[in-house]
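Number of protein chains: 2
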Amino acid sequence: MVNVALDAMGGDNAPAAIVQGAIDAVKASSEVKVFLVGKEELIRKELTACSYDEKRIEIVDAREVIEMAEPPVMAIRKKKDSSIVRALQLVKEGTCDAFVSAGSSGAVLVGGQLVVGRIKGVERPPLAPLIPTLKGASLLVDCGANVDARPSHLVQFAQMGSVYMENVLGIANPRVAIVNIGAEEEKGNALVKETFPLLKAASQINFIGSIEARDIPTGKADVIVCEAFVGNVILKLYEGVGGALIQTVKQSMMTSLRSKIGALMVKPALKEGLKAFQLEEHGGAPLLGLNGLVVKTHGSSKAVEIKNTILQCQTFKNQDINGKIKKIIVKEETSL
Amino acid sequence: MVNVALDAMGGDNAPAAIVQGAIDAVKASSEVKVFLVGKEELIRKELTACSYDEKRIEIVDAREVIEMAEPPVMAIRKKKDSSIVRALQLVKEGTCDAFVSAGSSGAVLVGGQLVVGRIKGVERPPLAPLIPTLKGASLLVDCGANVDARPSHLVQFAQMGSVYMENVLGIANPRVAIVNIGAEEEKGNALVKETFPLLKAASQINFIGSIEARDIPTGKADVIVCEAFVGNVILKLYEGVGGALIQTVKQSMMTSLRSKIGALMVKPALKEGLKAFQLEEHGGAPLLGLNGLVVKTHGSSKAVEIKNTILQCQTFKNQDINGKIKKIIVKEETSL
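Protein sequence lines correspond, in order, to chains A and B.
Going left to right, the first sequence walks through residues 1 to 336 as the working numbering numbers them.
Going left to right, the second sequence walks through residues 337 to 672 as the working numbering numbers them.
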């Protein structure tokens, strides 16, 4: 059984969509148990009308809520009875294998490190979402957890990202590339120039060199390594350019009677095709390298995304990702 | 008369498309004279079949060509008789007002600084392309000239970018924003945190704060300030996500007979609508802050882009952009 602590109070659609996601998850998999953490009366209200296996959904009362705008470190330290801190403690004490939240990214990142803690040897835990490409999806590490990271951090991001892609997505020998502003080794800023030879020398990854941002959406690499500021820009620009283009496509098709009729005819196919290019379709972003799994899902997550993220936790546990990360990090440490 | 030195040997479609662009430009404007710099016999061959005002197209023979893969500093120093160096010298000596090239970015950037030189007081000249948004276009400074820039450089980028947008695009009081990973002032990496208060204090710009990458395509700011590594990622990801999405749209519409028929009906409107979202539609990128105008156009530029870039040089000169940049930089220096 995989036990998942779920932040019932986090995200734009909490608690209704979160609770619904939990119900859908336990229906979809008999191996999942969900601990709904948050204000008991609100959670119970959402649950009453529904039928589900009561042995596999448990409510854990938490009286406080960490808001999106709160400074994360302060919030984690002060709000001991918040849904995020209580849920993280369930992971820390071993009751749960994983924590899932659509709430404050900052609080999830800080809480993950302060409450659950890092795997021995891991210097920084990166946030690693899957981003859509023409060939499927690539893992973007780090998309926002550690700004101004050091070269040694990026090498670990590459190693942990490779374990994830190989075992969760089943991609053998995943191609690792570092985001750069040119294909040649001598290109780049100080961080990339210093990191490049370290990645080249790292024995346990399939490093293919630099990747220019224009080649990320074509799926040229499976693990895209970068510092968190750059990663965050990539993730958010994906969303921004995608949104603007889809809006442009829609508006263009409304300009004449002819195009309007055409639009009706292409709509179903277009909707289906563009679905694969939406970030939300690719589940939550794990914070790699912690003693337990911590997953941040989009603030706008609906029930289906919550369900998918819970099922993702099952794969993560069954494939023993953390055991494999421990091995690769320890091996690297002893070889130094 | 505006005299433009044009690198006839640079870009994927040189010299044919470049020469054609020059002919189209002198036809479109009676105020333009073009100096075609490169191998005379090749240029002459392209010109023979065409009719044009011979007083306004002049060939300047240059026997060497700087290739795309050459290390820029070495190439500029050694190849004194290259089309890029010879054309830059025409600007340096005052024969020409502007230099336009679709050739090696590195060589244009290095050559611009080494041969033409910076305006007194300008610390670093940024490369500043216009990028498409839902509201028109924004200026991205810097998209690749100065990696690992300092805060004071970014403040000058904001000032020079404002002059450009106000005078070339006619946007009164252009909104300036710094690329960041959150909207709050305390967010960001070390560079952004240090630059933010300086931009806030700068008197001659309309600084509106941070911009997240997702808001760039919506046109939330007119001048987007960032360090060159981040700017290059933004520019290239625009291209990459745009290309991948358009490919996805096309493929989706080919999946059924119904969608194929619809595709025929929406195609003209779609083509027109998406045109505005293509980087090539927005001309070349000027290197701001040099003693003369240096413009880099896309390597894949066709005649129409070369023509538009030459006409852009006319606006740049007529609006006395460099005179205005000198004033704003000197004023800032004396006020310190």
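Using N, Cα and C, we set each Cβ at its ideal position, and we do this for glycine too.
Just so you know, these numbers come straight off a predicted model, no measurement behind them.
The Cβ atoms of V155(A) and A202(A) lie closer than 8 Å to each other. For the region 545-572 of chain B, the set of residues with a beta-carbon nearer than 7 Å to any beta-carbon of chain A comprises E548, A549, R550, D551, I552, P553, T554, F565, V566, N568, V569, I570 and K572, in chain order. When Cβ-Cβ separations below 8 Å define contact, I84(A) makes no contact with chain B. In this structure, M253(A) keeps its C-beta atom at 8 Å or more from the C-beta atom of L581(B). In the structure shown, A557(B) adopts coil according to DSSP, grouped into three states. Pairing E548(B) with I514(B) gives a Cβ-Cβ distance that is not under 8 Å. With the criterion set as a beta carbon lying under 9 Å from some beta carbon of chain B, the members of the region 255-269 of chain A are T255, S256, R258, S259, K260, I261, G262, A263, L264, M265, V266, K267, P268 and A269, in sequence order. Of the residues N627(B), K653(B) and K638(B), the one whose Cα lies closest to the Cα of K662(B) is N627(B). Within the region 524-536 of chain B, contact with chain A at the beta-carbon level (separation under 9 Å) is assigned to G524, N525, A526, L527 and V528. Contact between the region 31-51 of chain A and the region 120-135 of chain A is absent, with fewer than three C-beta pairs closer than 8 Å. For Q449(B), not one C-beta of chain A is nearer than 8 Å to its own C-beta. G136(A) and K220(A) have their C-alpha atoms roughly 11 Å apart. With respect to I76(A), A107(A) sits close: the two C-beta atoms are nearer than 8 Å. Per DSSP, R380(B) lies in no beta strand (DSSP E); the unbroken alpha helix (DSSP H) holding it starts and ends at E376 to T384. If you check the CB distance, R124(A) and A102(A) do not come in under 8 Å. Considered as a whole, the region 512-568 of chain B harbours 542-548 and 559-561 as its complete beta strand (DSSP E) runs of no fewer than 3 residues, in chain order.
Minimum Cα-Cα distance from E280(A) among the listed residues M165(A), V266(A), L288(A) and L235(A) corresponds to L235(A). Per DSSP, reduced to three states, the secondary structure at L90(A) is helical. Short of 6 Å from the beta carbon of F229(A), and not among the five residues preceding or following it, lie these beta carbons of its own chain, in chain order: V147.
Per the Cβ contact rule, the region 256-274 of chain A is not in contact with the region 188-202 of chain A (fewer than 3 Cβ pairs under 8 Å).
Taking a 10 Å sphere around the C-beta of A526(B), we find fewer than 16 other C-beta atoms and assign the residue as exposed. Relative to the Cα of V141(A), the nearest Cα in the group I329(A), V32(A), V225(A) and G21(A) belongs to V225(A). With fewer than 16 other Cβ atoms inside 10 Å of its own Cβ, D389(B) counts as exposed.
The three-state reading of DSSP puts D360(B) in helix, counting H, G and I together. Residue-level contact check: E608(B) touches chain A, since one or more beta carbons of chain A fall below 8 Å from its beta carbon.
The CB of I665(B) never comes closer than 8 Å to any CB in chain A; the least such distance is about 25 Å.
In the DSSP assignment, E394(B) falls within the unbroken beta strand (DSSP E) covering I393 to D397. At a C-beta separation below 7 Å, E239(A) has these neighbours in chain B: R550. Of E184(A), L90(A), G112(A) and F99(A), the smallest CA-CA separation from T309(A) is found for F99(A).
Rounded to the nearest whole angstrom, the CA to CA distance from G121(A) to V85(A) is 24 Å.
When L114(A), N13(A), Q314(A) and E194(A) are compared, the shortest CA-CA separation from I43(A) is found for N13(A). The shortest C-alpha to C-alpha distance from C50(A) to any of V294(A), Q20(A), S83(A) and E64(A) is the one to Q20(A).
Close partners of A341(B) in chain A (Cβ separation under 7 Å) are lacking, with about 26 Å as the shortest Cβ gap. Per the coordinates, the alpha-carbon of A69(A) lies some 32 Å from the alpha-carbon of V2(A).
Scanning chain A for C-beta atoms nearer than 8 Å to the C-beta of L470(B) yields A244, Q247 and T248, reported in chain order. Straight across, the Cα-Cα distance linking S418(B) with V409(B) is about 13 Å.
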